[in-house]
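If you read the protein sequences in the order shown, they are chains A and B. Number 357 marks the last residue of the first sequence (my numbering); no jumps. Number 544 marks the last residue of the second sequence (my numbering); no jumps. Below you'll find the structure, written out as structure tokens, and then a few comments.
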Amino acid sequence: MKKYFFLLLIALVGSCTTTKNKSKEINIYSQRHYNVDELQYQNFEKMTGIKVNVTKANADELIQRLKNEGENSPADLFITVDVGKLWQASDMGLFQKFEDKSVFENIDPQFLDKNGFWVPVTYRSRVVVYSNERVKKDDLSTYEDLANEKWRGRLLVRSSSNAYNQALVSSLVANLGVENTFNWSEAVVKNFARDPKGSDRDQVKAIAAGQGDIAIVNSYYIGLLLSSEKEEEIKAGNAVSVFFPNQDDRGAHINVSGLALTKNAPNRENAIKLIKYLTSIQAQETYVNNSYEYSVNPSVKPDPIVQEWGEFKKDPVDLNMLGIKRDEAIRIFDKTGWK
Amino acid sequence: MEIVQKYITNRRKLIFSTVFLSLFVILPILALVFSVVKIDTSNFQYLWDNLLFEYSLDTIYLITITSIFSLLFGILPAWYMSTNEFKFKNIYDIFLYLPLAIPAYIMAFTYSDVLSYTGPIQSFSRKYFPDFADLINQDYLQIEVLGIIMALSLYPYIYTACRLSFSLIGANYINLSRSLGMSRLKTFFKIVIPLSRVAIFSGLFLIIMEVLNEYGAVKYFGVNTFTSGIFRSWYSMQDVETASLLAVLLFFIVVFFFSIERYLNSRYKFNYTPNTKKFKNEPLSFKNRFIIHLVCLIPIILGFLIPVLFIINNVIYEFSRIDFIKVFNLTTNTVIISLIATLIILVIAVYFQFLKRILKNRTITFFNEVISLTYALPGAVIGLSLILLFTSYPFENELLIGSFGILVYAYVIRYMAVGISPLKSSFDKHPSSYDDTAFNLGMGPTKLFRSIHLPINKSAIAIAFLITFVDIIKELPITLILRPFNFDTLAVQTYEYAIEEMIPKSSIYSLAIVMLGTILLIFLKKIVNKEIDVPKSK
Numbered sequence: 019m020k021k022y023f024f025l026l027l028i029a030l031v032g033s034c035t036t037t038k039n040k041s042k043e044i045n046i047y048s049q050r051h052y053n054v055d056e057l058q059y060q061n062f063e064k065m066t067g068i069k070v071n072v073t074k075a076n077a078d079e080l081i082q083r084l085k086n087e088g089e090n091s092p093a094d095l096f097i098t099v100d101v102g103k104l105w106q107a108s109d110m111g112l113f114q115k116f117e118d119k120s121v122f123e124n125i126d127p128q129f130l131d132k133n134g135f136w137v138p139v140t141y142r143s144r145v146v147v148y149s150n151e152r153v154k155k156d157d158l159s160t161y162e163d164l165a166n167e168k169w170r171g172r173l174l175v176r177s178s179s180n181a182y183n184q185a186l187v188s189s190l191v192a193n194l195g196v197e198n199t200f201n202w203s204e205a206v207v208k209n210f211a212r213d214p215k216g217s218d219r220d221q222v223k224a225i226a227a228g229q230g231d232i233a234i235v236n237s238y239y240i241g242l243l244l245s246s247e248k249e250e251e252i253k254a255g256n257a258v259s260v261f262f263p264n265q266d267d268r269g270a271h272i273n274v275s276g277l278a279l280t281k282n283a284p285n286r287e288n289a290i291k292l293i294k295y296l297t298s299i300q301a302q303e304t305y306v307n308n309s310y311e312y313s314v315n316p317s318v319k320p321d322p323i324v325q326e327w328g329e330f331k332k333d334p335v336d337l338n339m340l341g342i343k344r345d346e347a348i349r350i351f352d353k354t355g356w357k
Numbered sequence: 007m008e009i010v011q012k013y014i015t016n017r018r019k020l021i022f023s024t025v026f027l028s029l030f031v032i033l034p035i036l037a038l039v040f041s042v043v044k045i046d047t048s049n050f051q052y053l054w055d056n057l058l059f060e061y062s063l064d065t066i067y068l069i070t071i072t073s074i075f076s077l078l079f080g081i082l083p084a085w086y087m088s089t090n091e092f093k094f095k096n097i098y099d100i101f102l103y104l105p106l107a108i109p110a111y112i113m114a115f116t117y118s119d120v121l122s123y124t125g126p127i128q129s130f131s132r133k134y135f136p137d138f139a140d141l142i143n144q145d146y147l148q149i150e151v152l153g154i155i156m157a158l159s160l161y162p163y164i165y166t167a168c169r170l171s172f173s174l175i176g177a178n179y180i181n182l183s184r185s186l187g188m189s190r191l192k193t194f195f196k197i198v199i200p201l202s203r204v205a206i207f208s209g210l211f212l213i214i215m216e217v218l219n220e221y222g223a224v225k226y227f228g229v230n231t232f233t234s235g236i237f238r239s240w241y242s243m244q245d246v247e248t249a250s251l252l253a254v255l256l257f258f259i260v261v262f263f264f265s266i267e268r269y270l271n272s273r274y275k276f277n278y279t280p281n282t283k284k285f286k287n288e289p290l291s292f293k294n295r296f297i298i299h300l301v302c303l304i305p306i307i308l309g310f311l312i313p314v315l316f317i318i319n320n321v322i323y324e325f326s327r328i329d330f331i332k333v334f335n336l337t338t339n340t341v342i343i344s345l346i347a348t349l350i351i352l353v354i355a356v357y358f359q360f361l362k363r364i365l366k367n368r369t370i371t372f373f374n375e376v377i378s379l380t381y382a383l384p385g386a387v388i389g390l391s392l393i394l395l396f397t398s399y400p401f402e403n404e405l406l407i408g409s410f411g412i413l414v415y416a417y418v419i420r421y422m423a424v425g426i427s428p429l430k431s432s433f434d435k436h437p438s439s440y441d442d443t444a445f446n447l448g449m450g451p452t453k454l455f456r457s458i459h460l461p462i463n464k465s466a467i468a469i470a471f472l473i474t475f476v477d478i479i480k481e482l483p484i485t486l487i488l489r490p491f492n493f494d495t496l497a498v499q500t501y502e503y504a505i506e507e508m509i510p511k512s513s514i515y516s517l518a519i520v521m522l523g524t525i526l527l528i529f530l531k532k533i534v535n536k537e538i539d540v541p542k543s544k
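Structure below.
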């Protein structure tokens, strides 16, 4: 009995020390959990023979982990679906600068980090979808207009703990100021059809179910619904249309999914290879066709389903603002009762 | 006492070893408390002003609903099971345990899909019964619905406790009460429930802890519990100290209730002689039979059959795309890590119970209670506390964070109490004259343990092993926060797909958890039945 216990103990202590990185590896902390990502890593492994190790978790957890691990962090790359988190981690000094010009040539300059820490991979818009039955397209105009009384009891959106909502409201704080955004949020909360809950797709389903008429969701979720194998989900996707707000002024809110080299990336060279791969035309096309996101490379066209919604004007606000204004956005949520 | 003194020469060392082990288990709580010292109160003030009241209300409301339904689903079937004979009784008895194999978050995601607008029920009725479809077209992501769903996966704690208690009360009291002219209903409320109060409370306590521990499902349903507050400060506000303060507060609230439970437990020490006297077997009327079957079948159907059938249906639908190698690997991961953690827990727990018994030392008894307290920490809080611990002086060890070892350590902390409780009652049950006699006959402590305590507590050790194992297999929040690179468990994979609404994709992993749990629970059931010797009135 004793002997086994000691053996167990030795095994445990042995497993406590993570194996030192060999040069044919790369370690990623990623918030992205779409199927397309596994596909990308497999392709990259085939091309380069570099093994991709991934720890997937929510961005906040990963940032805490990077911070706590400090110099000893095994991670080379940090990937998120929200630029706010990229700014936050760079602000905390967790990244190193990335300045490879050959990568930037393929990317629309609007999406680039002014400080040179993170690299965008895809972008998406947080749009308004509306019921084809109960809402006319002309009734919609801007995010600001969602505060209008005519939407009382008709608006659906998920919880304020969701990063996409935090980014949207951060963009409003950046564009309109704290006070205006506060008033906006207060009125929007009054317009809720129900307490915020569920995911973006649930909001669309709720429109199909008649529990509300308009919803704030990320664009690619509609693509995912429309390409579903379930007849009922396609029907739900077809019950709504996509509307890009603020087309007559600053443009629709966008957010990027991006990555950055960690401060002490132990496999820096391999990580740079992966960054180059993920921003290449081949990988960008893989993203666009599997996850219904938009490519940061202007020459890569969206998936046909997404193309049908047409082109749209994008809010040109500095994307780092989506992180800088996040604290204020969260306080506005809490104070105006956006659950 | 004197006899023991004579034979155990290294008494001090032994006591010291238990204190040392306890510190190992409660270290994270200390880390939290120390972190609170550095707090900047402005964030706490902010939470207090804006959110905490609502979070507390939601927490209490959710706990209330879950408790009420768990009591309903648990007590009534246990009562009928213990006092009546009817068809399928033995099958029902096993099935009533099985919802324990389905983690609450899987139950919640499954039901939200089953009930959703695009789910099978609503789609079907839209096609064939449009009027009915309008009626059931509701928003099911409600706190009340969540409470009932959680009750469906947690009621077996009550059922188990009641089943055991009712069978220990035995037929004597009940037959007597019936002979004295009390109605069934009156007997139930005046005799059975008061006598089982302690058992019911301890089951309820476990349920409340599970509700506080819940994270994924609660978030999805838009319900903000106290645990959400901890995350709000930790993540959204980047304020670890405020998060720690909330965790410490929660801990003390729970410990307070825990102590009340303990106090009641000690005050109402019933000494009923277990008896196997036959129940008066009155022939049941058709109406009563119908009610009994209904009462037993509702929790079985809702808590086990529907979710499992739905999961299986999804597995069939996804079958051609299932990566069986991955399923196999994740199952192996889950089983190995759960097994290691369970064994460590058992070794520590048995060591404590044995020393407590032969040394009869207050320090050990005290620390035995203390190490059970960590069950009052939600898993996510244990994750937070270990990160705090290993990033602060003098325990800084970055290599440990995100390693296999720390994950096992966290499991050990969280589930120590689960392993201890069955062992404790079994070790306390046997008269201490066993030990005295053994010592007098010249047995050393090791021999005493091996030839007496190990065999007589065999069932309890098996029970402790099985319930701890099942719990760790289902564990989610700790694993999410602390797991190493490329290391996923079935629970983590299920959650990742489910939260992205890829329920069909998650189904094979859910099914693996449920199957593992089911097999273990059936074993458990067999042992428990042997142990309590459920009176059979045939």
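Glycine is no exception: its CB is placed at the ideal position from the N, C-alpha and C atoms.
Report all residues from its chain with a CB closer than 7 angstroms to the CB of Leu-527 of chain B; omit the five preceding and five following residues, and keep chain order. Tyr-103, Leu-104, Leu-106, Ala-107, Val-476
Limits of the unbroken beta strand (DSSP E) element including Arg-203 of chain B: Premise fails: Arg-203 of chain B lies in the alpha helix (DSSP H), 203-219, not in any beta strand (DSSP E).
Quick one: what does DSSP say Tyr-98 of chain B is sitting in, helix, strand or coil? helix
Out of A:Pro-284, A:Ala-347, A:Asp-336, which one is the CA nearest neighbour of Phe-96 of chain A? A:Pro-284
Cβ closer than 7 angstroms: which chain B residues qualify as neighbours of Glu-250 of chain A? Thr-124, Ser-129
Alpha carbon to alpha carbon, what distance is there between Phe-445 of chain B and Asn-374 of chain B? 24 angstroms
Hey, would you say Gly-341 of chain A sits closer than 8 angstroms to Gly-102 of chain A, going by beta carbons? Their beta carbons are under 8 angstroms apart, which means Gly-341 of chain A touches Gly-102 of chain A by this criterion.
With distance defined between alpha-carbon atoms, name the residue in A:Asp-55, A:Glu-311, A:Asp-336, A:Asn-282 nearest to Glu-89 of chain A. A:Asn-282
Tell me the DSSP secondary structure of Phe-116 of chain A in three-state form. coil
Under 8 angstroms, do Glu-247 of chain B and Ile-32 of chain B count as touching if we go by C-beta distance? no
Among A:Val-274, A:Ser-245, A:Ile-232, A:Leu-242, which has the Cα closest to the Cα of Ser-259 of chain A? A:Ile-232
7 angstroms Cβ shell around Asp-119 of chain B - same chain, five flanking residues per side excluded: Only Gly-125, Ile-509 meet the Cβ criterion.
For Met-113 of chain B, count neighbouring C-beta atoms within 10 Å of its own C-beta (all shown protein chains included) and say buried if the count is 16 or more, exposed if not. Buried, by the Cβ-count rule.
Interface residues of chain A facing Ser-513 of chain B [CB-CB closer than 9 angstroms]: Within 9 angstroms Cβ-Cβ: nothing; Ser-513 of chain B doesn't reach chain A, min ~14 angstroms.
Span separating the alpha-carbon of Lys-192 of chain B from that of Gly-153 of chain B: 29 angstroms
List the whole-angstrom C-beta distance separating Gln-499 of chain B from Lys-430 of chain B, where the pair is believed to meet the contact cut-off of C-beta under 8 angstroms. Gln-499 of chain B to Lys-430 of chain B, Cβ: 35 angstroms. No contact.
Under the three-state reduction of DSSP, which class applies to Phe-13 of chain A: helix, strand or coil? As shown, chain A starts at 19 and ends at 357. That puts residue 13 of chain A outside it, with no answer to give.
Return yes when the Cβ of Ala-177 of chain B is within less than 8 angstroms of the Cβ of Ser-76 of chain B, no when it is not. no
Given this structure, state the Cα-to-Cα distance separating Asp-434 of chain B from Phe-471 of chain B, to the nearest angstrom. 18 angstroms
State the start and end residues of the unbroken alpha helix (DSSP H) segment that holds Val-146 of chain A. Unbroken run through Val-146 of chain A is the beta strand (DSSP E), 136-149; no alpha helix (DSSP H).
Which of the three DSSP states is assigned to Glu-91 of chain B in this structure? coil
Do you know how far the Cα of Gly-276 of chain A is from the Cα of Thr-140 of chain A? 7 angstroms
Just to confirm, are Pro-83 of chain B and Tyr-165 of chain B a CB contact at a threshold of 8 angstroms? yes
Proximal residues, the segment 191-223 of chain A versus chain B, C-beta separation under 8 angstroms: Arg-212, Asp-213, Pro-214, Lys-215, Gly-216, Ser-217, Arg-219, Asp-220, Lys-223
Short of 9 angstroms Cβ to Cβ, which residues in the segment 237-257 of chain B face chain A? Phe-237, Arg-238, Trp-240, Tyr-241, Ser-242, Met-243, Gln-244, Val-246
Cβ closer than 8 angstroms: which chain A residues qualify as neighbours of Phe-334 of chain B? What Phe-334 of chain B touches in chain A: nothing, since even the nearest Cβ is about 17 angstroms away.
Trp-54 of chain B, buried or exposed, once every other Cβ within 10 Å from all chains shown has been counted against 16: exposed
Tell me, please, whether the CB atom of Asn-86 of chain A is closer than 8 angstroms to any CB atom in chain B? yes
Distance between Thr-348 of chain B and Ile-466 of chain B (C-alpha atoms, nearest Å): What sits at residue 466 of chain B in the sequence shown is Ala, not Ile. About 14 angstroms.
Hey, is Asn-236 of chain A's beta-carbon within less than 8 angstroms of any beta-carbon in chain B? no
Taking only the alpha-carbon atoms, compute the straight-line gap between Tyr-111 of chain B and Thr-338 of chain B and give it to the nearest angstrom. Taking the straight line joining both Cα atoms gives about 22 angstroms.
Could you give the DSSP three-state label for Asp-352 of chain A: helix, strand or coil? In the structure shown, Asp-352 of chain A adopts helical secondary structure according to DSSP, grouped into three states.
Where Phe-138 of chain B falls: helix, strand or coil (DSSP): helix
CA-to-CA distance, Val-235 of chain A to Trp-202 of chain A, given in whole angstroms: The C-alpha of Trp-202 of chain A lies about 18 angstroms from the C-alpha of Val-235 of chain A.
Short check: CB of Ser-217 of chain A to CB of Glu-502 of chain B, under 8 angstroms? Not in contact: Ser-217 of chain A and Glu-502 of chain B (Cβ atoms no closer than 8 angstroms).
Would you please state the rounded distance, in angstroms, between the beta carbons of Ser-108 of chain A and Phe-135 of chain A? I believe it to be under 8 angstroms. 4 angstroms
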